[in-house]
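Structure first, commentary second.
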Amino acid sequence: MTKKRCGWVSDDPLYIDYHDNEWGRPEYDDQKLFEMLCLEGAQAGLSWITVLKKREHYRKVFDNFDPVKIAEYDDKKREQLLNDAGIIRNKLKVNAFIVNAQRYLEITREQSFKDYVWQFVGGEPVNNHRKTLKDVPATTPESDAMAKQLKKDGFKFVGSTICYAFMQATGMVDDHVEECFVESR
Numbered sequence: 317m318t319k320k321r322c323g324w325v326s327d328d329p330l331y332i333d334y335h336d337n338e339w340g341r342p343e344y345d346d347q348k349l350f351e352m353l354c355l356e357g358a359q360a361g362l363s364w365i366t367v368l369k370k371r372e373h374y375r376k377v378f379d380n381f382d383p384v385k386i387a388e389y390d391d392k393k394r395e396q397l398l399n400d401a402g403i404i405r406n407k408l409k410v411n412a413f414i415v416n417a418q419r420y421l422e423i424t425r426e427q428s429f430k431d432y433v434w435q436f437v438g439g440e441p442v443n444n445h446r447k448t449l450k451d452v453p454a455t456t457p458e459s460d461a462m463a464k465q466l467k468k469d470g471f472k473f474v475g476s477t478i479c480y481a482f483m484q485a486t487g488m489v490d491d492h493v494e495e496c497f498v499e500s501r
């Protein structure tokens, strides 16, 4: 018997694994949260599977998303990244990773990144119990608030839609639909 999944999942094994084992699962590790925020920004205007297929290469060329290293990237490293066919070669997106690493370091001088991003859902995962995929919004008041704060703090590629996708990906919100086998866990 085939497991029922959320309607956005294709038959790609990478996508299935991501859906079944990662999407909607609470993430509290600062560096992994930073990675997902960057990757969600890279995804803007594209499909998530495009980024997912490139994720391992992103980890390799972006020093496993170590914000300390990324914050120090110079023009030579930026040029190298923009010539790397293994990532999305968009200058604004590559620059956003660097700027966001710098902002991340500023934020984490005062508090954990986990506390910073999880505050928008009160520190606890929100299970939305969505009936169908049509019931899943692109943004929420919480993602609006997150986007506003991230932008105020100087982050790039952090609009409300990106923030909501980030919240879904990192389990701040659980939008698995009711018929999905993950929802029933």
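Numbering of the sequence shown is given in this note's numbering, commencing with residue 317 and proceeding in unit increments. Glycine included, every Cβ here is placed at the ideal spot set by N, Cα and C.
Could you give the C-beta distance for residue i and residue j, rounded to a whole number, given that I count them as a contact under 8 Å?
i	j	result
residue 494	residue 445	7 Å
residue 460	residue 423	So it is not a contact: roughly 19 Å between Cβ atoms.
residue 441	residue 342	5 Å
At which residues does the alpha helix (DSSP H) containing residue i begin and terminate?
i	result
residue 366	364-377
residue 515	Only positions 317 to 501 of the chain appear in the structure, and residue 515 is not among them; the question remains open.
residue 357	346-359
Quick one: is residue i buried, meaning 16 or more other Cβ sit within 10 Å of its Cβ, or exposed?
i	result
residue 321	buried
residue 501	With a pLDDT of 48 at residue 501, under the threshold of 50, the modelled position of that residue is not reliable, and the figure given next carries that caveat. Residue 501 comes out exposed.
residue 487	buried
residue 419	buried
residue 426	exposed
residue 395	exposed
residue 372	exposed
residue 408	exposed
Less than 8 Å between the beta carbons of residue i and residue j, yes or no?
i	j	result
residue 348	residue 415	no
residue 374	residue 355	yes
residue 463	residue 476	yes
residue 490	residue 430	no
residue 410	residue 397	yes
residue 383	residue 350	yes
residue 433	residue 357	no
residue 370	residue 402	yes
residue 386	residue 412	no
residue 497	residue 319	yes
residue 339	residue 449	no
residue 362	residue 334	no
residue 377	residue 400	yes
Consider the Cβ of residue i: report whether some Cβ of chain D lies at a distance smaller than 8 Å.
i	result
residue 476	No chain D is present in this structure, which holds just one protein chain.
Does DSSP put residue i in a helix, a strand or coil?
i	result
residue 446	strand
residue 433	helix
residue 493	strand
residue 395	helix
residue 427	coil
residue 472	coil
residue 336	helix
residue 501	With a pLDDT of only 48 at residue 501, under the threshold of 50, the placement of this residue in the model should not be trusted, and no figure is reported.
residue 452	coil
residue 389	coil
residue 322	coil
residue 460	helix
residue 342	coil
residue 477	helix
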